[in-house]
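Encoded as structure tokens, the structure appears first; notes follow it.
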Amino acid sequence: MLHDYIGDEDFRKGMNLYLTKFQQRNAATEDLWESLEKASGKPIAAVMNTWTKQMGFPLIYVEAEQQEDDRVLKLVQKKFCASGPYTGEDFPMWMVPISICTSEDPSCAKMQILMDKPELTVVLKDTKPEQWVKLNLGTVGFYRTQYSPAMLESLIPAIKDLSLPPVDRLGLQNDLFSLARAGIISTVEVLKVMEAFVNEPNYTVWSDLSCNLGILGTLLSHTDFYEDIQAFVRDVFSPIGERLGWDPKPGEGRSLLLGSLHFQAENSKPILYKLLHFPKCDGFLLWNSFLVFSQVYVTVLKHGDSSTLDTMLKLHKQADMQEEKNRIERVLGAIAQPELIQKVLTFALSEEVRPQDTVSVIGGVAGGSKQGRKAAWKFVRDNWEELYNRYQGGFLISRLIKLTVDGFANDKMAAEVKVRSFNLRFINY
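Sequence positions in the sequence shown follow the UniProt record's numbering and run 1 to 429.
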């Protein structure tokens with residue numbers, strides 16, 4: 001953010017000035033700000049003090065009004081809190097460098113401003129009504145952006161036709177999910193924008209989008225909307241899977257396709273059949289080269305039965321490399337049937353699994369499904385004495401607790417975990 005605000009040439013000058021001046025003596029933080037300020041002529045010290053001498057970062061809310069051929073933007077900043085809207089008595093403020101671009105040239109800032117007050121109004125000259133406007137060009141600014149509904153709506157076509165650069169598409173969806181998780185905007189508003197990502201070709205965008213949708217799926221697994229969100233996710237992922245195709249092309253990585261297989265497999269019987277019968281298919285040689293990809297294991301287990309689990313346990317036993325054993329251990333929890341979930345949990349405490357890896361197996365069960373979370377939580381309670389004696393005093397006990405309860409998302413389970421935490425001596429961890 002600071003580099004972008006200063007500019008590359010002045011930033012280099014400032015760093016050269018700083019390193020030359022203090023090459024043989026000690027320096028303080030203020031000395032760096034002074035050198036950068038001298039090179040750029042900008043109030044670097046004043047700006048950076050608002051970032052380094054208080055905790056947190058801002059949320060910038062922006063709304064727009066068209067006035068003839070100009071766009072008037074009203075910006076309001078307040079502290080961003082991941083736990084919900086900020087309600088503190090104090091009103092922290094940051095000096096925020098903000099770059100603004102439009103559809104006229106999405107890769108170049110039409111205006112750069114320094115927001116040095118809680119509210120600010122700026123005018124973008126010669127900006128037609130049909131042009132969209134976006135803040136934080138290149139996603140370099142360390143702040144969240146909340147757009148008015150109308151401004152957010154105007155950005156959807158730019159996501160669909162990819163005219164909005166990849167890093168800006170990445171930042172936009174990440175901001176939206178963060179705002180929804182904080183309860184600042186509606187999840188419905190987020191999902192409406194996510195539909196526009198069906199043409200997305202960028203792996204980094206897909207990776208973060210997949211992670212965010214996975215978190216949302218976990219939260220909704222305790223509601224009546226779980227099947228709906230799963231169907232939505234399959235609809236979003238299916239087009240990219242179809243475009244990539246099943247067979248690898250020369251020089252093409254398969255990680256993106258494999259990462260989305262478990263989302264689209266339920267809608268594709270040929271893919272599902274091939275995965276569920278992967279030891280028997282003609283394509284097994286192909287899969288041998290891809291077995292390192294955990295998502296293949298996840299899809300196989302998610303739709304498999306007892307024979308599938310037995311096959312995976314056999315692969316675990318036959319694996320020569322500990323890395324491959326660990327990979328299998330982490331995904332065994334994807335199995336769906338309750339009795340097989342119990343079998344995996346029993347396996348976690350067996351001699352087949354190293355003591356330090358037991359936590360990963362239990363965590364995999366807890367993260368695999370709603371049923372798995374409940375089963376893992378009960379398993380930890382029932383076997384607490386052994387687990388506590390095994391891991392007390394180390395980081396694995398806190399990791400075990402976090403992985404076991406992290407996916408619960410209702411008040412009833414929160415109350416139960418809170419009560420059990422005292423009984424099981426969780427409170428110290």
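We treat Cβ as the ideally placed atom computed from N, Cα and C, and that holds for glycine. Fair warning: this is a prediction, and the values are worked out from it, not measured in the lab.
Between which two residues does the beta strand (DSSP E) holding residue i run?
i, result
"residue 74", "70-79"
"residue 102", "96-102"
"residue 327", "It is not in any beta strand (DSSP E) - residue 327 instead sits in the alpha helix (DSSP H) that spans 322-331."
"residue 124", "119-124"
"residue 127", "Counting along the chain, residue 127 falls outside any beta strand (DSSP E), and DSSP gives it neither H nor E."
"residue 203", "Where residue 203 is concerned, there is no enclosing beta strand (DSSP E), although the alpha helix (DSSP H) it sits in stretches over 203-220."
"residue 147", "144-147"
"residue 135", "133-135"
Distance check for residue j and residue i, CA to CA, integer angstroms please.
i, j, result
"residue 188", "residue 338", "32 Å"
"residue 404", "residue 72", "49 Å"
"residue 238", "residue 306", "28 Å"
"residue 1", "residue 95", "12 Å"
"residue 235", "residue 193", "14 Å"
"residue 24", "residue 320", "54 Å"
"residue 431", "residue 215", "This structure cannot settle anything about residue 431, because the visible part of the chain is limited to 1 through 429."
"residue 84", "residue 314", "47 Å"
"residue 304", "residue 208", "28 Å"
"residue 383", "residue 217", "29 Å"
"residue 146", "residue 241", "31 Å"
"residue 390", "residue 352", "16 Å"
"residue 151", "residue 45", "33 Å"
"residue 432", "residue 406", "Coverage of the chain is limited to positions 1 through 429, which leaves residue 432 absent and any answer about it impossible."
"residue 52", "residue 226", "42 Å"
"residue 182", "residue 33", "34 Å"
"residue 378", "residue 372", "10 Å"
"residue 154", "residue 210", "24 Å"
"residue 417", "residue 296", "33 Å"
"residue 367", "residue 346", "17 Å"
Between residue i and the rest of its own chain, which residues show a CB-CB distance below 6 Å, the 5 nearest in sequence each way excluded?
i, result
"residue 19", "none"
"residue 125", "70"
"residue 363", "403"
"residue 380", "404"
"residue 56", "79"
Going along the chain, which residues of its own chain have a beta-carbon closer than 8 Å to the beta-carbon of residue i, five neighbours each way excluded?
i, result
"residue 100", "73, 109, 110, 111, 112, 113, 122, 124, 133, 134, 135 and 137"
"residue 165", "106, 107 and 138"
"residue 199", "160, 161, 162 and 239"
"residue 205", "166, 169, 170, 173 and 197"
"residue 12", "none"
Cβ-heavy atom distance between residue i and the ligand ZN below 7 Å?
i, result
"residue 172", "You won't find the ligand ZN in this model; it holds no ligand whatsoever."
Which residues in the same chain have their Cβ closer than 7 Å to the Cβ of residue i, if we skip the five residues on either side of it in sequence?
i, result
"residue 103", "131, 132, 158 and 163"
"residue 342", "375"
"residue 22", "31"
"residue 17", "35, 38 and 39"
If residue i sits next to residue j, beta carbons under 8 Å apart, how far is it from one beta carbon to the other, in whole angstroms?
i, j, result
"residue 40", "residue 7", "7 Å"
"residue 408", "residue 415", "The Cβ separation is near 10 Å, so there is no contact."
"residue 144", "residue 179", "7 Å"
Do residue j and residue i count as a contact pair if the criterion is CB distance below 8 Å?
i, j, result
"residue 302", "residue 316", "no"
"residue 489", "residue 58", "Not covered by the structure: residue 489. The range shown for the chain is 1 to 429."
"residue 91", "residue 118", "yes"
"residue 61", "residue 76", "yes"
"residue 344", "residue 331", "no"
"residue 229", "residue 196", "no"
"residue 359", "residue 399", "yes"
"residue 186", "residue 63", "no"
"residue 140", "residue 4", "yes"
"residue 212", "residue 173", "yes"
"residue 115", "residue 50", "no"
"residue 431", "residue 397", "With the chain running from 1 to 429 in the structure shown, residue 431 is simply not present."
"residue 309", "residue 349", "no"
"residue 222", "residue 370", "yes"
"residue 323", "residue 357", "no"
"residue 176", "residue 232", "no"
If I follow the unbroken alpha helix (DSSP H) through residue i, where does it start and stop?
i, result
"residue 67", "Note, residue 67: premise wrong, no alpha helix (DSSP H); beta strand (DSSP E) at 58-67."
"residue 112", "That residue, residue 112, is in no alpha helix (DSSP H); its beta strand (DSSP E) goes 111-115."
"residue 181", "166-181"
"residue 399", "395-405"
"residue 52", "44-52"
"residue 344", "338-348"
"residue 107", "Unbroken run through residue 107: none, as it is neither H nor E."
"residue 6", "2-6"
"residue 366", "358-368"
"residue 190", "187-194"
"residue 39", "29-40"
"residue 432", "Outside the shown range of the chain (1 to 429) lies residue 432, about which nothing can therefore be said."
"residue 316", "306-318"
Against chain B, does residue i count as a neighbour if the rule is that its beta carbon must be under 8 Å from one of theirs?
i, result
"residue 32", "Going by chain labels, chain B is absent from the structure shown, which holds only one protein chain."
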